[in-house]
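J.:
There are 4 protein chains.
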Amino acid sequence: MNEIHEECGVFGIACGSTQDVVGPVYYGLYALQHRGQENCGIAVCDDGCLHCYKQAGLVGEVFSPAVRAQLGQGNMAVGHVRYGTTGGSDVRNAQPIMVNHKNGRMALVHNGNLANAGQLRAKLEERGAIFHTASDSEIVAYLITQERLKSPSIEEAVRRAARRLRGAYSLIVLSPTKMIAVRDPHAFRPLCFGRRADGAFVVASESCALDAVGASFIRDVKAGEMLVFDGSGVRSLFVGGGRPTPCIFEYIYFARPDSVIDGISVHEARRRAGRLLAEAYPVKADVVVGVPDSGIDAALGYAEAAHIPFDTGLVKNKYIGRTFIEPAAAQRQNDVRIKLNALRSAVAGKRVVLIDDSIVRGTTIGKIVSLLKEAGARQVHLRICSPPFLFPCYYGTDIDSRENLIACKHSPEEIAKIVGADSLGYLPGGKLHKMVPLPRTCRACFDGKYPTRICENASKDKFEQKLGVLSRLQEDTSATARPSIQE
Amino acid sequence: MNEIHEECGVFGIACGSTQDVVGPVYYGLYALQHRGQENCGIAVCDDGCLHCYKQAGLVGEVFSPAVRAQLGQGNMAVGHVRYGTTGGSDVRNAQPIMVNHKNGRMALVHNGNLANAGQLRAKLEERGAIFHTASDSEIVAYLITQERLKSPSIEEAVRRAARRLRGAYSLIVLSPTKMIAVRDPHAFRPLCFGRRADGAFVVASESCALDAVGASFIRDVKAGEMLVFDGSGVRSLFVGGGRPTPCIFEYIYFARPDSVIDGISVHEARRRAGRLLAEAYPVKADVVVGVPDSGIDAALGYAEAAHIPFDTGLVKNKYIGRTFIEPAAAQRQNDVRIKLNALRSAVAGKRVVLIDDSIVRGTTIGKIVSLLKEAGARQVHLRICSPPFLFPCYYGTDIDSRENLIACKHSPEEIAKIVGADSLGYLPGGKLHKMVPLPRTCRACFDGKYPTRICENASKDKFEQKLGVLSRLQEDTSATARPSIQE
Amino acid sequence: MNEIHEECGVFGIACGSTQDVVGPVYYGLYALQHRGQENCGIAVCDDGCLHCYKQAGLVGEVFSPAVRAQLGQGNMAVGHVRYGTTGGSDVRNAQPIMVNHKNGRMALVHNGNLANAGQLRAKLEERGAIFHTASDSEIVAYLITQERLKSPSIEEAVRRAARRLRGAYSLIVLSPTKMIAVRDPHAFRPLCFGRRADGAFVVASESCALDAVGASFIRDVKAGEMLVFDGSGVRSLFVGGGRPTPCIFEYIYFARPDSVIDGISVHEARRRAGRLLAEAYPVKADVVVGVPDSGIDAALGYAEAAHIPFDTGLVKNKYIGRTFIEPAAAQRQNDVRIKLNALRSAVAGKRVVLIDDSIVRGTTIGKIVSLLKEAGARQVHLRICSPPFLFPCYYGTDIDSRENLIACKHSPEEIAKIVGADSLGYLPGGKLHKMVPLPRTCRACFDGKYPTRICENASKDKFEQKLGVLSRLQEDTSATARPSIQE
Amino acid sequence: MNEIHEECGVFGIACGSTQDVVGPVYYGLYALQHRGQENCGIAVCDDGCLHCYKQAGLVGEVFSPAVRAQLGQGNMAVGHVRYGTTGGSDVRNAQPIMVNHKNGRMALVHNGNLANAGQLRAKLEERGAIFHTASDSEIVAYLITQERLKSPSIEEAVRRAARRLRGAYSLIVLSPTKMIAVRDPHAFRPLCFGRRADGAFVVASESCALDAVGASFIRDVKAGEMLVFDGSGVRSLFVGGGRPTPCIFEYIYFARPDSVIDGISVHEARRRAGRLLAEAYPVKADVVVGVPDSGIDAALGYAEAAHIPFDTGLVKNKYIGRTFIEPAAAQRQNDVRIKLNALRSAVAGKRVVLIDDSIVRGTTIGKIVSLLKEAGARQVHLRICSPPFLFPCYYGTDIDSRENLIACKHSPEEIAKIVGADSLGYLPGGKLHKMVPLPRTCRACFDGKYPTRICENASKDKFEQKLGVLSRLQEDTSATARPSIQE
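In the order they appear, the protein sequences are chains A, B, C and D. Reading the first sequence from the start, the letters are residues 163 to 649 in my numbering. Reading the second sequence from the start, the letters are residues 163 to 649 in my numbering. Reading the third sequence from the start, the letters are residues 163 to 649 in my numbering. Reading the fourth sequence from the start, the letters are residues 163 to 649 in my numbering.
1. For B:S585, which of helix, strand or coil comes out of DSSP?
2. By the three-class DSSP mapping on this structure, what secondary structure does D:A377 have?
3. For D:Y464 and chain C, any beta-carbon pair shorter than 9 angstroms?
4. Quick check: the Cα distance between D:D382 and D:Q308, rounded to an integer number of angstroms?
5. Closest to A:L502 by C-alpha separation, out of A:I521, A:G425, A:S532, A:S394, would be which residue?
6. Bridge partners of B:N201, per DSSP?
7. At a cut of 8 angstroms, does the region 600 to 615 of chain A reach the region 551 to 565 of chain A through at least three beta carbon pairs?
8. I'd like to know if B:Y443 contacts chain C, where contact means its C-beta is closer than 9 angstroms to some C-beta of that chain.
9. Quick check on the DSSP output: the alpha helix (DSSP H) that includes B:A193 runs from which residue to which?
10. In the region 318 to 363 of chain D, which residue ranges form an unbroken beta strand (DSSP E) of at least 3 residues, counting only runs that do not cross its ends?
11. What is the DSSP secondary structure of B:R644, counted as helix, strand or coil?
12. Under 9 angstroms, do C:R244 and C:E200 count as touching if we go by C-beta distance?
13. How many angstroms separate the CA atom of D:T485 from the CA atom of D:R499?
14. Would you mind sorting B:G361 into buried or exposed? The rule is 16 or more other CB atoms within 10 Å of its CB.
15. Taking CB distances under 9 angstroms as the criterion, tell me whether A:T307 reaches chain D.
16. Looking only at DSSP bridge pairs, what is B:R267 linked to?
17. Do three or more CB pairs link the region 428 to 438 of chain A to the region 212 to 227 of chain A at distances below 8 angstroms?
18. Using only CA atoms, which one of B:V477, B:K446, B:A440 lies nearest to B:A460?
19. Under three-state DSSP, which class holds C:T525?
20. Find out if the Cβ-Cβ distance for the pair A:L311, A:A323 is shorter than 9 angstroms.
21. With burial defined as no fewer than 16 other Cβ atoms inside 10 Å of the residue's Cβ, what is the status of B:K332: buried or exposed?
22. For D:A205, tell me which candidate among D:G356, D:G234, D:A218 has the shortest Cα-Cα distance.
23. From C:S179 to A:V172, what distance separates their C-alpha atoms?
24. Using a Cβ-Cβ cutoff of 7 angstroms, what residues of the region 331 to 353 of chain B are near chain A? List them in chain order.
25. Under a three-way DSSP split, which group does D:N273 fall into?
26. Just reading off the beta strand (DSSP E) that B:F400 is part of, what are its end residues?
27. With 9 angstroms set as the bound, which would you pick, yes or no: does the beta-carbon of B:A490 sit closer than that to a beta-carbon of chain A?
28. What is the residue span of the beta strand (DSSP E) that B:F391 lies within?
29. Is C:T180 helix, strand or coil when you go by DSSP?
30. Could you give the distance in angstroms between the alpha-carbon of C:C177 and the alpha-carbon of B:V184?
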């Protein structure tokens, strides 16, 4: 029930010979769909020639059998799913980004956000560059293309470009002869690779996508590492010295529970969060209930540690999708009811421990607490699998603005009161290293300690507000024709 | 992960005055979406004048804010969701069925199947009737219209028509001045009603839809009962003596866990099924895993009774929708991987008890067992929450044909071997009354004891096969334009 | 530039063996597209089995290669194009009408309007019939189906049904083994047939459609004649004694100039109209200009008879299609400019004779006169190829209501003044027999002498007004998804 | 019936205050639709802020009332219609091109082709530029943007950029405060301007678009002239010394007959072509017939000069649009029949003079000659309003490749034989100056004398062939969702 969005998932495959590479990317993107639902794309390299199809919509909608058939065979391919933070489902922002330059063709997919996007873009524009999108990924494409003019190889161009980037990037670049995967020196966003039984190499944002195509997991891409895949195999190079600080929010919310990131199972991390909460905030209760989907694993952990029965206390309507339009103001109170229903027989007359992954504005969890109480819960004790959100993220997580973050304005006691809970416990920041036992993680959204220097983004101008209105109109009037709107 | 489909969900609302009645029906149908995903429709009665909008697609796709706004206000409305067994998503089969006859206008929604459809239709055609669809519901509409010619009131016409029907029907009829709900004398399909705080009456296939619109549950409609709602209140009449035999498969698979049907919580029935399986087929194991979504509750029950830990051992891809196209033959083995992934850390090295609701062909469950074994499960003990399927259903459940039902050809021991399980236990038929403690239920698909006389349907002819091909084509080439195809 | 609409065009083909019959119907309907642009459909008979595809849109839009391929081969086929007078482009009203009755399957296409539709429908409803559309064609289908129950053959059923019809009907019926074409005893609407070199018989509303499929014209279907095509050839029967009164407006406006109807070339009839106008209303002028497209031929005739040069004085924008939305009120004056432009060099400083086919409200022709004057025409002498419209049509022509017909309220002199013309001449009614030299024609819209008895239609009720609103909305928001809307 | 395509039409409006500027551009583009039917776009400048909507489709399809309403008001706007020579209806190639650079925002529309596109592009890429399309217009946008970095004003940047261009360009640039129109020093493509009664200035490819918005024609933009429109009025500057050589093919085929270009009426030029043909190639005949639409005016001229009656001998199906799919091979012979039909009564038994604008491959005209002969024409004497095509065009006309041009391989006598004509006369090159009495025109496609130096384009590579296949697929499967396809 979270309102936080990440922006991307990436997937790539490199085979020794021409074959169906679109199929695996399709299944891989299906497995990564939770990382972005606005638009998606696949680029295929067929004997040195690159072609691409991208469109607004879910993977299964966009890549119909006819489209997949026409993309044809190849020896390499990359794909991307994207959550659109600006301009709605504008397909112009879709990836792969295709570059068709006299010095080389290239397809690029990117997950992450740059902390120095503003400076890089300004410098490129001073040299005459024209940008077609507002995305950081176009900056990366420009830098690689410019470095390519003076580099002996595409990997060297990628390496040089990478050195100018600051922030989060998990990249896959397809040149006519190579597939190159890079993870930034802080390893903010996940990236791993594996191999299919037939020898094809596969790179993906999360290991669940390797499972989906029947590939065995080899290892995570290291911080600052660049992997170069060509017909003969894979080489490991480095674009910069890494001191990894992976994003902890991947474990709390973003990633699929069946993924293993940097050696840590997401499912187990969430169970541990539940156990740690049970230790930190024990309570006498009759049942432990998780907010689906991300709160379920932690609820199992809490139940186990606290010796309180777990039960399915909330049922989620699995048909609520992108098409769900919020009800009119008069029925606003009602809206959580459409997405969730309390299971009366599981909670009536009981003291309930309710587990959720995080709290942003507090509005949704407040409605869930009401739902349980109306269904007869005697008490609702809220336990949250993360510390309070206090700071913005500059590495690709789209959290709300500070004025909307409830924890910036209220103490936990006040929040409990506001949302109607009988008690509230956040996972203490000091326990995060037990939840995700890595040497370092980025938890800047909780403690404000950013692993890189930051330059603030300019606020959106009048034009972009206009654009927003136009985009919304179009989504509304016509779900099928998704026109390209430009500033 | 079941391949069994029911055909419909119905919802109706009757208010004392003109207001937004489309909103409640929209939310009600959203809550009933699991009962049918092919097409849906809403008919509104505004001051005696009936109008309707219906279309192929999910509720959220079809009823955009613009469509809802234009349907406008009214004092009564009915809605329907449908799973299309014939002709795919052909919108001609969508409901409400609208009748615009000189003797009266009417909108009708229907859940269920008639056992005497063939005879009734033949008799009507002999009198010159022309049918536009192959659906039983059109027969019902015809009978009511014909009885209306000689009946003093619409409820009398409905009552006379109902007496000629044999089989399952949960009906809602909207006349210009009344809303009439009928449940057949065997009460095969569920139907209940409730009331909102503002006095509006609401009728729905399942109680979860009452929750979705904030209505309090009053009671289930009784076997053979007809409720007549008009401006002033509700009257209860009877269309026939009832000896209720509700469908037990509603509890096993169809209904939402948060619904309560004929006084029995679906969630609790499933937990009981798990406990009964633990008693009937105990096994030494390390973890209990349910096949999502319908096997989860039973897995919790089994875990509790057997004192074995429950865990999330399988993760379902929540984006697999109607758009998912099965992979080409070469990758067939792979397909369950796209929908489900084993959670390695939860099952590796463990003896797993795997719970599912039922087995049809055995293909899917066989792949799930493989998935778990590949993820390192040492043993997989399969437990099924229902007895083996042995007989067809004539009351609205679309089970496979007998030649495809694995239990018709193999013993449980053979099935265990075929699907790769280390043991297999079906819920014994003798325990069904403990799972669903009602005086009688229809369990004909397990024991062949049909509560009514049956007339077999003729097999599909050449034409309908053609039609099928054409329908499929159209789904394929154009998801947006859903043309009407006729025989 | 006429605002008058006819409702249909029909086409059928019967071959000796299975082959591509969809192709010819497709090309035939393309040639008849001017008779209806709202929706269209084709039904194929393949070895006794009938299937159909129909949809809102132009022939070229609806019948994509994929749809045509899937309709497949057959030995007979019929098609229809329709102008929607009620309910906009509602595909429910599209034809062929398919009947799937135990006593026989049938596809039916129909051009024309019944004068006794109201009585027939009421009688059928009294016997329990349910109508799904408001169209006369469904009444015809019902009557044939009912007669079929007691007739020895389909042609006998058609004959008996035809005897109950009063008014205009050019019908083609496809049974599993025969194609039957019928033209009403007054021969109001055109219908002709021909033969391809390979022996296949072709029936069409106009001879231009025979040309389009390379068939040689044999003859017009006679008044009251029924042609029965089966594998072995064609038989001629009669459904009633005919005293033909073909619609004269087919020659004035509806039909394509390259068609020949009842032995009269439409092009020549229009040239004659021009010549007759030159005799009846001579004037001193410098150039003769026709309003495209239907005024061009008459302008050539006038120019020739009056020895005044013909020139292209008005250029029509050929891209103005169904998508053209009238400008906002402020620009209303402007709208004819978008559709037509005056050719300054052809008219500046000249005395212009302007020829149009007819005048309905007078608004459009007034704007055209202004256009010419603004382009420098010194005088504009308006000549109209028909007498003034004074009476409604009950046989399939959708003229405006009497209160909107300018000729019902004003004398020709007044009209000339209103539209800004320097003089105005209507083709005298007494000359119509010279324009179309047939023994009798129906010219009831000019003189009110209806060849049959008439029963007035009831006015539209509140509900249909609602429907109208809803339809318009949908056209507006989504040109691609054309949902079925029902009362 | 020509197979030659031009690539663009442009339109712009500049008002003194904020008002509806989208309406006039919409009507202007409607009037210019014949110059490009693949995609279209409009950019609006509202108080310094630019926004744009562009999409594949006809003007009337793309700019629905909702889209127009949301584009909103402004004080300036530009629009574009485009015929897509590469990549089909790929919306990425649509214009206006929007540039959002730190040094300035800009919208640009362009008609024409550069003769030095290859060199300019290579030089820009060497400096690191990335191109998103294959269009010359993007090169122009890049050059202006680069010059803008070092220019004191946008008009100076446009002037400097223009000096680097060689070839045909009629440009309109919208900056936040100015609208700038430029016509290249050879004045290859037309461009004119006018003024509405309310003082708003209007620029358009052809004068017919001024008529469509009620603006008075002021004059053509001069060769090498740049007009700068701002709130206060218009200034005339020059980007280079002009020696105008306007394209003569605009008069022969491209332009609308109601346009006046560089002082010459297109309609009159065509009539003169007919008269010149009558003088050069007189013949005894009974009727003169023009191939619609572009041959009609010349046929009137021929008829007049030769004193032979003109008649409508060919009727064009006005519904054949972009949706028309050529028939399968077996019916190939048939295809002209769908688009054209001979008017038997006008040609049977007669000696026909047939006038067309030009001959490319000869296939179409051959079929038209057959059509007339099958309709009974005794003789067909073909007269062509232009000399034979012998050379490619580098200034924006998409003629076929030389190996397909029938005149490159055959003498007029041979061609007459091939197409079945009894005689053939091309307008002699030496008469072109009488048809279009301007000091100089570009007639390089006839005589190979190019007004500028030329650099040949590289041939299309394997990739672009692939792309073509993919585009076609998409047009086929989904007319509504027009996805962006990239290399």
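No residue lacks a Cβ here, since even glycine has one placed at the ideal position from N, Cα and C.
T.: Considering the structure as presented:
1. The answer is strand: DSSP assigns B:S585 an E or B state.
2. Assigned with DSSP and collapsed to three states, D:A377 falls in coil, not helix or strand.
3. No, no contact with chain C.
4. Computed Cα separation, rounded: 29 angstroms.
5. Of the listed residues, the one whose Cα sits closest to A:L502 is A:S532.
6. B:A218, B:R244, per the DSSP bridge assignment.
7. A contact is defined here as three or more CB-CB pairs under 8 angstroms, and the region 600 to 615 of chain A meets this definition with respect to the region 551 to 565 of chain A.
8. Nearest CB-CB separation between B:Y443 and chain C: not below the 9 angstroms threshold.
9. Where B:A193 is concerned, the enclosing alpha helix (DSSP H) stretches over 184 to 194.
10. Fully enclosed beta strand (DSSP E) runs of 3 or longer: 332 to 336, 341 to 345, 354 to 357.
11. Confidence in B:R644 is poor, its pLDDT being 27 and thus under 50, which makes the residue's placement unreliable; the coordinate value appears in the next sentence. B:R644 falls in the coil class under three-state DSSP.
12. At the C-beta level, C:R244 and C:E200 come within 9 angstroms of one another.
13. For D:T485, the pLDDT reaches just 44, beneath the cut-off of 50, and the residue's location in the model is therefore unreliable, although a value from the coordinates is still provided. Distance between the alpha carbons of D:T485 and D:R499: 16 angstroms.
14. That one is exposed.
15. So yes, A:T307 belongs to the interface.
16. In the DSSP output, where bridge partners are listed per residue, B:R267 has B:N262.
17. Three or more Cβ pairs closer than 8 angstroms define a contact, and the region 428 to 438 of chain A falls short of that threshold against the region 212 to 227 of chain A.
18. Closest by C-alpha distance to B:A460, out of B:V477, B:K446, B:A440, is B:A440.
19. Here C:T525 sits in helix by DSSP.
20. Going by C-beta atoms, A:L311 is not nearer than 9 angstroms to A:A323.
21. According to the sequence shown, residue 332 of chain B is Ser rather than Lys. So B:S332 counts as buried.
22. The residue from D:G356, D:G234, D:A218 with its alpha-carbon nearest to that of D:A205 is D:G234.
23. Rounded to whole angstroms, C:S179 to A:V172 spans 56 angstroms at the Cα level.
24. Residues of the region 331 to 353 of chain B that bring their beta carbon within less than 7 angstroms of a beta carbon in chain A are absent altogether.
25. Residue state, collapsed to three classes: strand.
26. Bounds of the beta strand (DSSP E) holding B:F400 are 395 to 400.
27. Note on B:A490: pLDDT 45, under 50, position unreliable in the model; the coordinate value appears next. Output row for B:A490: interface = yes.
28. Unbroken beta strand (DSSP E) run through B:F391: 387 to 392.
29. C:T180: strand per DSSP, three-state reduction.
30. In a straight line, the C-alpha of C:C177 is about 51 angstroms away from that of B:V184.
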